[in-house]
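Novice: If you're matching positions, the sequence shown starts at 40 in my numbering and goes up one per residue.
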Amino acid sequence: MIPMVDLKTQYELLKSDINEAINEVLVSTRFIQGPNVKQFEKEIADYFSVDSKSIFSVGSGTDALHLSLFALSPCPDEEIITTPFSFISSAWPASYTNCKLVFVDIDPNTFNIDLQLLEKAISKKTRAIIPVHLFGQTVDIPQIKEMIAGKQIAIIEDCAQAFGAEIKDKKVGTFGDFGCFSFFPSKNLGAYGDGGLIISNNSEYSEKISMLRNHGSIRRYHHDIIGFNSRLDEIQAAILRVKLQHIDRFNHLRKNVAAQYNLQIKNSNVTLPVNGDHCDHVFHQYTILNNNRDELQSYLHENGVSSAIYYPIPIHKQSVYKSSQANTTLRYAEEIATKCLSLPIYPELGVDEIKYIANLINKF
Numbered sequence: 040m041i042p043m044v045d046l047k048t049q050y051e052l053l054k055s056d057i058n059e060a061i062n063e064v065l066v067s068t069r070f071i072q073g074p075n076v077k078q079f080e081k082e083i084a085d086y087f088s089v090d091s092k093s094i095f096s097v098g099s100g101t102d103a104l105h106l107s108l109f110a111l112s113p114c115p116d117e118e119i120i121t122t123p124f125s126f127i128s129s130a131w132p133a134s135y136t137n138c139k140l141v142f143v144d145i146d147p148n149t150f151n152i153d154l155q156l157l158e159k160a161i162s163k164k165t166r167a168i169i170p171v172h173l174f175g176q177t178v179d180i181p182q183i184k185e186m187i188a189g190k191q192i193a194i195i196e197d198c199a200q201a202f203g204a205e206i207k208d209k210k211v212g213t214f215g216d217f218g219c220f221s222f223f224p225s226k227n228l229g230a231y232g233d234g235g236l237i238i239s240n241n242s243e244y245s246e247k248i249s250m251l252r253n254h255g256s257i258r259r260y261h262h263d264i265i266g267f268n269s270r271l272d273e274i275q276a277a278i279l280r281v282k283l284q285h286i287d288r289f290n291h292l293r294k295n296v297a298a299q300y301n302l303q304i305k306n307s308n309v310t311l312p313v314n315g316d317h318c319d320h321v322f323h324q325y326t327i328l329n330n331n332r333d334e335l336q337s338y339l340h341e342n343g344v345s346s347a348i349y350y351p352i353p354i355h356k357q358s359v360y361k362s363s364q365a366n367t368t369l370r371y372a373e374e375i376a377t378k379c380l381s382l383p384i385y386p387e388l389g390v391d392e393i394k395y396i397a398n399l400i401n402k403f
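1. May I have the straight-line CA-CA distance separating PHE70 from VAL64, to the nearest angstrom?
2. Along the beta strand (DSSP E) that carries ARG370, what are the first and last residues, could you check?
3. Starting from TYR325, follow the beta strand (DSSP E) in both directions and report where the run begins and ends.
4. Can you give me the start and stop residues for the beta strand (DSSP E) that ASP197 sits inside?
5. Just to confirm my understanding: we take MET186, look at its own chain, exclude 5 residues before and 5 after, and list those with CB closer than 6 Å. What are they?
6. How about ILE169 and THR121: do their beta carbons lie closer than 8 Å?
7. Quick check on SER67: buried or exposed, where buried means 16 or more other Cβ atoms within 10 Å of its Cβ?
8. What's the gap between the Cα of GLU51 and the Cα of ILE274?
9. To the nearest angstrom, how far is the alpha carbon of GLY235 from that of ASP153?
10. When the Cα of ALA193 is compared with those of VAL281, TYR325, ILE119, LEU279, which residue comes out closest?
11. For a cutoff of 8 Å on Cβ pairs, would you count VAL313 as touching chain D?
12. Applying the criterion that 16 or more other CB atoms from any shown protein chain within 10 Å of the CB defines a buried residue, is LYS226 buried or exposed?
13. For HIS291, does the count of other Cβ atoms within 10 angstroms reach 16, so buried, or fall short, so exposed?
14. Measure the alpha-carbon distance for PRO113 versus GLN78 and round it to whole angstroms.
15. Let me check one thing: in DSSP terms, what residues is SER256 bridge-paired to?
16. For ASP116, which three-state DSSP category applies?
17. Can you find the residues in the same chain that come closer than 6 Å, C-beta to C-beta, to THR326, ignoring five residues on each side of it along the sequence?
18. Can you name the start and end residues of the beta strand (DSSP E) that SER381 belongs to?
19. Nearest to LEU279 by CA position, among GLN299, PHE202, GLY266, ASP116, is which residue?
20. Identify which residue in GLU117, TYR260, CYS219, SER55 has its Cα closest to the Cα of SER245.
21. Comparing C-alpha positions only, which one of ALA376, ALA397, ALA372 sits nearest to ILE384?
22. Taking the continuous alpha helix (DSSP H) assigned at ILE57, which residues delimit it?
23. In the DSSP output, what is ASP272 paired with across the bridge?
24. Roughly how many angstroms lie between the CA atoms of ILE286 and TYR360, to the nearest whole one?
25. Using the rule of at least 16 other Cβ atoms within 10 Å of the residue's Cβ for burial, across every protein chain shown, is GLY100 buried or exposed?
26. For ALA199 and ASP319, I'd like the C-alpha separation in whole angstroms.
27. When DSSP labels each residue in this structure, what does MET339 get in the three-state scheme?
28. Going by CA-CA distance only, name the one from LEU369, ALA60, ILE265 that's closest to ALA277.
29. Please say whether SER107 and ILE195 have beta carbons closer to each other than 8 Å?
30. Please check the pair GLN176 and THR213, which I expect to be a contact at CB under 8 Å, by giving their CB distance rounded to whole angstroms.
31. Is the beta carbon of SER337 less than 8 Å from the beta carbon of PRO42?
32. Would you say ILE238 and HIS317 are within 8 Å of each other, going by their C-beta atoms?
33. Please classify ALA347: does DSSP put it in a helix, a strand, or coil?
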């Protein structure tokens with residue numbers, strides 16, 4: 040069976056360096072807030088060309104969004120705008136603030152939030168926008184910044200699926216007030232457990248994030264605000280430091296896999312992913328559309344190919360939002376959810392495997 044992602048093969052390629060990094064942590068017995076976390080944050084700052092004071096490793100990508108919203112401190116009567124077509128973590132942290140969630144439909148070509156509809160949805164009550172760089176495809180953040188110029192509206196970039204992606208040679212996560220990343224194992228830059236990151240160059244927000252992630256404290260046993268326990272551990276930081284050295288190569292290989300799919304899949308009933316004009320797509324997922332999606336998925340499985348549906352139920356249709364979003368209809372998010380299918384994509388996927396998958400789809 041060709042898997043959706045092959046973490047084992049990647050581990051074998053990096054095995055010596057990863058094992059050495061983990062062993063050094065075990066020998067040191069410094070498992071929390073040790074030198075690897077500090078060094079990882081510095082290396083991340085260098086990678087993004089930002090001040091190391093703006094980098095905050097946290098416990099997960101969900102925590103990154105959660106802490107960013109708590110640092111922003113929106114009022115309960117304010118609104119937070121996001122996409123309905125993403126993992127639910129792009130939305131539910133906002134629900135903890137008791138703000139009103141406003142979902143804006145997606146562009147059916149890119150699957151990202153529709154910017155024309157977004158501009159219409161912005162109101163006097165809008166406090167934040169959470170654009171999601173879905174599947175590695177970047178949202179045009181500079182255009183959003185133009186929309187909100189002069190307004191007290193924050194941008195919280197959800198970059199969980201787009202580590203290393205760029206817009207005009209500037210990396211996503213550095214455009215908004217907050218850039219939030221996930222290091223879940225299957226991500227382009229993945230740990231061997233949970234992990235996340237926040238980038239914020241706003242001194243007011245960054246000071247609050249620093250406290251929020253560590254029990255509301257900067258100085259030990261002195262707690263200034265109600266905080267959380269959301270810290271990247273030393274072992275995950277050590278693993279991520281090894282992988283960070285290879286991330287650009289990994290992303291390049293993902294783009295090559297996508298390019299091969301584009302060349303070889305010739306089924307007229309299958310819609311291939313597109314790149315936006317501004318987009319440097321890093322292909323966390325390679326997602327196609329087909330009107331007989333479920334049958335196609337079964338057919339691939341029967342022939343030894345894994346696939347996945349991201350996402351079968353739009354967020355506004357989830358049970359948790361049944362009452363608050365009862366009258367919300369978002370045409371394209373709901374339509375794409377019935378047609379989307381993600382194919383195997385990872386840096387180590389071989390040419391023969393790509394050809395085999397493409398040939399199966401062409402025969403469907």
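Don't be surprised by glycine CBs; every beta carbon is placed ideally from N, CA and C.
Specialist: Reading off the structure:
1. In the sequence shown, the residue the question calls residue 70 occupies position 31. In the sequence shown, the residue the question calls residue 64 occupies position 25. Each residue's Cα considered, the two are about 7 Å apart.
2. The sequence position of residue 370 within the sequence shown is 331, counting from 1. It is not in any beta strand (DSSP E) - ARG370 instead sits in the alpha helix (DSSP H) that spans 370-375.
3. In the sequence shown, residue 325 corresponds to position 286, counting from 1. Counting along the chain, the beta strand (DSSP E) containing TYR325 begins and ends at 325-328.
4. In the sequence shown, the residue the question calls residue 197 occupies position 158. Its beta strand (DSSP E) spans residues 193-197.
5. Within the sequence shown, the letter at position 147 stands for residue 186. If we look at MET186 and ignore the five residues flanking it on each side, its Cβ neighbours are GLU158.
6. For the purposes of this step, residue 169 is taken as residue 130 along the sequence shown, with counting starting at 1. For the purposes of this step, residue 121 is taken as residue 82 along the sequence shown, with counting starting at 1. Contact: yes.
7. The sequence position of residue 67 within the sequence shown is 28, counting from 1. Counting Cβ neighbours within 10 Å, SER67 comes out exposed, since fewer than 16 surround it.
8. On the sequence shown, residue 51 is found 12 positions in, with the first residue counted as 1. On the sequence shown, residue 274 is found 235 positions in, with the first residue counted as 1. Answer to the nearest angstrom: the Cα atoms are 18 Å apart.
9. Locating residue 235 in the sequence shown gives position 196, counting from the first residue. Locating residue 153 in the sequence shown gives position 114, counting from the first residue. About 26 Å.
10. Numbered from 1 along the sequence shown, position 154 holds the residue referred to as residue 193. For the residues VAL281, TYR325, ILE119, LEU279, the minimum Cα distance to ALA193 belongs to ILE119.
11. Here there is only one protein chain, and chain D is not present.
12. Within the sequence shown, residue 226 is the residue found at index 187, counting from 1. Under this definition LYS226 is a buried residue.
13. Along the sequence shown, one-based indexing puts residue 291 at 252. Exposed.
14. Sequence index remark: in the sequence shown, residue 113 carries index 74 (1-based). Sequence index remark: in the sequence shown, residue 78 carries index 39 (1-based). Taking the straight line from one Cα to the other gives about 32 Å.
15. Position 217 of the sequence shown, counted from the first residue, corresponds to residue 256. Paired residues: HIS262.
16. Locating residue 116 in the sequence shown gives position 77, where the first residue counts as 1. Looking at ASP116 - three-state DSSP - the assignment turns out to be coil, as it is neither helix nor strand.
17. Counting from one through the sequence shown, the residue named residue 326 turns up at place 287. If we look at THR326 and ignore the five residues flanking it on each side, its Cβ neighbours are PHE174, PRO312, CYS379, SER381.
18. Here residue 381 corresponds to residue number 342 of the sequence shown, with the count starting at 1. Counting along the chain, the beta strand (DSSP E) containing SER381 begins and ends at 379-382.
19. One-based indexing of the sequence shown puts residue 279 at position 240. Of GLN299, PHE202, GLY266, ASP116, the residue nearest in Cα terms is PHE202.
20. Here the question's residue 245 lines up with position 206 in the sequence shown. Checking every option, the nearest Cα to that of SER245 belongs to CYS219.
21. Residue mapping note: residue 384 aligns to position 345 of the sequence shown, counting from 1. The option with the nearest alpha carbon to ILE384 is ALA397.
22. Locating residue 57 in the sequence shown gives position 18, counting from the first residue. Counting along the chain, the alpha helix (DSSP H) containing ILE57 begins and ends at 46-67.
23. Numbered from 1 along the sequence shown, position 233 holds the residue referred to as residue 272. ASP272 pairs with ILE71.
24. Counting from 1 along the sequence shown, the entry for residue 286 is found at position 247. Counting from 1 along the sequence shown, the entry for residue 360 is found at position 321. Using only the alpha carbons, I get a separation of about 36 Å.
25. The sequence position of residue 100 within the sequence shown is 61, counting from 1. When all chains shown are included, GLY100 counts as buried.
26. As a working mapping, residue 199 is identified with position 160 in the sequence shown. As a working mapping, residue 319 is identified with position 280 in the sequence shown. Cα-Cα distance, rounded: 15 Å.
27. What you label residue 339 is simply residue 300 of the sequence shown in a count that begins at 1. The residue asked about is misnamed: residue 339 is Leu in this sequence, not Met. In this structure, LEU339 counts as helix in the three-state DSSP scheme.
28. By 1-based counting over the sequence shown, the position of residue 277 is 238. Comparing Cα-Cα distances from ALA277 to each of LEU369, ALA60, ILE265, the minimum goes to ALA60.
29. In the sequence shown, counting from the first residue as 1, residue 195 sits at position 156. In the sequence shown, counting from the first residue as 1, residue 107 sits at position 68. Yes, Cβ-Cβ distance for ILE195 and SER107 is below 8 Å.
30. Mapped onto the sequence shown, residue 176 falls at position 137. Mapped onto the sequence shown, residue 213 falls at position 174. Contact doesn't hold; Cβ gap of about 17 Å is too wide.
31. Residue 337 sits at position 298 when you count from the first residue of the sequence shown. Residue 42 sits at position 3 when you count from the first residue of the sequence shown. No. Outside cutoff.
32. Numbered from 1 along the sequence shown, position 199 holds the residue referred to as residue 238. Numbered from 1 along the sequence shown, position 278 holds the residue referred to as residue 317. No, Cβ-Cβ distance for ILE238 and HIS317 is not below 8 Å.
33. As a working mapping, residue 347 is identified with position 308 in the sequence shown. Of the three classes helix, strand and coil, the one that applies to ALA347 here is strand, per DSSP.
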